[in-house]
Amino acid sequence: MVKLVFLGKFRGLAREDFETPLPAEVHTLSDLQAWIGRRDPALGSAMAGTRTQLVVNQAVVRDLGLPVNDTDEIAFLPPMSGG
Amino acid sequence: MQVRLATARFDPQQETAAFAAGHADMGALVSFVGLCRETNDGRDVVELFIDHYAGFTEQEITRIAADVAGRFDCPDLLVVHRVGSIAPGEAIVLVAALSEHRGNAFEVVRVLMDYLKTDAPLWKKESGPDGARWIEPRAEDRARRAQAEEERI
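Next up, the structure:
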């Protein structure tokens, strides 16, 4: 199962984090983001319309061509606003 | 170095005093407290909600704080950041630095705040009579962060 985590305004759109068996058509992080966009167009366009950062197993990942493994926790982060 | 996320209201004076206690070798204590304002961009704010990514947020703030402390040779640093629901007037963030002399203590607090604004994995949502909106870093925040990065050299 892949665990998907949505932060900030993405959490507001996705409503909840969820676990899913890895869809057959998803091989890379880029495929995964596209799959989420097909499943939830509002969330997909919000992620495409801003600088979205991916964090895989609590480590920042910049190469969306990397493969997704069936036990990964993958988080989608919009631009941060701390302080 | 201490980094803590607070889920409830905290007292910055008390936190700062506890942090400084027993450090008779340090001649400077500089602290900054960010407060929740009752208006922002001309809108009334009733509640500020700060979302975070448990584990990752603490890890990243610790990494950023250690980097800045190292740059300015600052012996000890405290960061307390609220998450969850915050009311106007309450403290959002406390950054305190202890050092032998004041120069690097001032610098470390200023520069760390500049990084936290844009790089700490936290997401603010303001709610008021006009509804709710997620906040993104302002151009000024990004410019200050870029300036802090430039000063690295």
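Chains as they are written, first to last, in my numbering: chain A, 1 to 83; chain B, 1001 to 1153. Note that CB positions come from ideal geometry on N, CA and C, so glycine has one too.
Within the same chain, V1030 come within 6 Å of B/F1106 by CB-CB distance, once the 5 residues on both sides are set aside. B/R1152 has its alpha-carbon roughly 20 Å from the corresponding atom of B/D1076. Counted as a single uninterrupted DSSP element, the stretch harbouring B/E1149 is not any beta strand (DSSP E) but the alpha helix (DSSP H) occupying residues A1139 to E1150. Listed along the chain, the chain B residues whose CB falls inside 8 Å of the CB of A/K3 amount to none; the nearest CB is some 12 Å away. Annotated three-state conformation of B/F1010 is coil, per DSSP.
In this structure, the CA atom of A/L77 is about 11 Å from the CA atom of B/T1057.
If you draw a 10 Å sphere on the C-beta of B/R1004, you find fewer than 16 other C-beta atoms in it, and that means exposed.
Burial check for A/L43: the Cβ neighbour count within 10 Å reaches 16 or more, so the residue is buried. Identification of residues in the region 1112 to 1134 of chain B having a C-beta nearer than 8 Å to some C-beta of chain A yields M1113, L1116, K1117, T1118, D1119, A1120, P1121, L1122, W1123, K1124, K1125 and W1134, given in sequence order. Within chain B, the residues placing a beta-carbon under 8 Å from that of A/A75 are Y1053 and F1056, ordered along the chain. Rounded to whole angstroms, the gap between the alpha carbons of A/T28 and B/V1068 is 34 Å.
Listed by position along chain A, the residues whose Cβ is nearer than 8 Å to that of B/P1137 are P79, M80 and S81.
Contact of A/Q58 with chain B by beta-carbon distance below 9 Å involves Y1053, G1055, F1056 and Q1059. For A/L7, at least one C-beta of chain B is nearer than 7 Å to its own C-beta.
The beta carbon of B/V1045 sits no closer than 7 Å to any beta carbon of chain A. Interface annotation, B/G1034: in contact with chain A, CB-CB separation under 7 Å. A buried status is given to B/P1121, since no fewer than 16 other beta-carbon atoms sit within 10 Å of its beta-carbon. B/V1093 belongs to the set of residues whose beta carbon lies under 7 Å from a beta carbon in chain A. Around the beta-carbon of B/F1072, 16 or more other beta-carbon atoms lie within 10 Å, marking it buried. The alpha-carbon of A/K9 is positioned some 8 Å away from that of B/K1125. The secondary-structure analysis by DSSP pairs A/V55 across a beta bridge with A/V60 and A/A75.
Per DSSP, the continuous beta strand (DSSP E) segment holding B/S1127 begins and ends at L1122 to G1128.
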